[in-house]
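In this note's numbering, the protein residues as written are 9 to 259.
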């Protein structure tokens, strides 16, 4: 059975369109939790300091030069805000991946499950998903730090691991990563296509959202997070569909 990127994208888009309401709910829930954590973790006074500091940056000044001119207190605030912001976004990503893949898995087995039920059901897998995504993120990050190509190879190799972690019963994160690595490179081109498409759509979305800066920051952020989550959901559907087809062909 031949598997092509066009057929996978077409199937994934049809499923995405048919289940848009459920996927939107999961994307919105994850985006809302990320924003709540962000505004809870990052104090308002520190946010004001960052905005004031950024506003004083001269466009002709390089980033490194500008950072070197900051006081130790300003550097500490920026580092703390950056880390807490990343933590809030990462927690939202974990919730999104867990809930969407659980939603897909339940629907594929014929269970008529709602988006909220899928979200609640996915909470049991959160510890393992956290371990999996933290390990994958760190490894892929160092791959990109060494050179771009190792990072791309690692991203392809681990791309199916969240799907495997949820669809295969009683599997541990490292085992899911190992199985993903073995399967992914037999279909590396199909995975590379969707990763490039996802990246292109993310860049396009960022440019489009840049035209809506007149909106309140809270509104702009919730729109941005939700739409980015929907793009990620589409990518997860693609990976899920690919894994299901690979399972059938190997059997």
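Just so you know, even glycine gets a beta-carbon here, dropped at the ideal spot from N, CA and C.
Keep in mind that this is a model prediction, so the values were computed, not measured.
{"query": "Do residue 126 and residue 114 have their C-beta atoms within less than 8 Å of each other?", "result": "yes"}
{"query": "Whether or not the stretch 226 to 241 and the stretch 189 to 196 are in contact is what I'm after, with contact meaning three or more pairs of Cβ atoms, one per stretch, closer than 8 Å; do they touch?", "result": "no"}
{"query": "Please list the terminal residues of the continuous alpha helix (DSSP H) segment that includes residue 224.", "result": "Looking at the DSSP string, residue 224 is not in any alpha helix (DSSP H), and its letter there is neither H nor E."}
{"query": "Here's the rule I'm using: 16 or more other beta-carbon atoms within 10 Å means buried, otherwise exposed. How should residue 211 be labelled?", "result": "exposed"}
{"query": "Take residue 240 as the anchor and find which of 194, 162, 197, 101 has the nearest alpha-carbon.", "result": "101"}
{"query": "So, residue 109 versus residue 244, is the Cβ gap smaller than 8 Å?", "result": "yes"}
{"query": "Measure the C-alpha to C-alpha separation of residue 216 and residue 178 and round it to an integer number of angstroms.", "result": "42 Å"}
{"query": "Roughly how many angstroms separate the alpha carbons of residue 15 and residue 248, rounded to a whole number?", "result": "14 Å"}
{"query": "Which class does residue 168 belong to by DSSP, given the choice of helix, strand or coil?", "result": "coil"}
{"query": "Taking the C-alpha atoms as reference points, what is the distance between residue 218 and residue 226?", "result": "14 Å"}
{"query": "By DSSP, does residue 90 sit in helix, in strand, or in coil?", "result": "helix"}
{"query": "Secondary structure at residue 120, three-state DSSP: helix, strand or coil?", "result": "coil"}
{"query": "Between residue 130 and residue 107, which are expected to be in contact by the criterion C-beta below 8 Å, what is the C-beta distance as a whole number of angstroms?", "result": "4 Å"}
{"query": "Can you give the Cα-Cα distance for residue 145 and residue 224, rounded to whole angstroms?", "result": "31 Å"}
{"query": "DSSP on residue 177, reduced to helix/strand/coil?", "result": "coil"}
{"query": "Touch check for the stretch 116 to 123 and the stretch 154 to 161: three-plus C-beta pairs under 8 Å?", "result": "no"}
{"query": "Excluding the five sequence neighbours on either side, which residues of its own chain have a C-beta within less than 6 Å of the C-beta of residue 151, listed in chain order?", "result": "158, 159, 162"}
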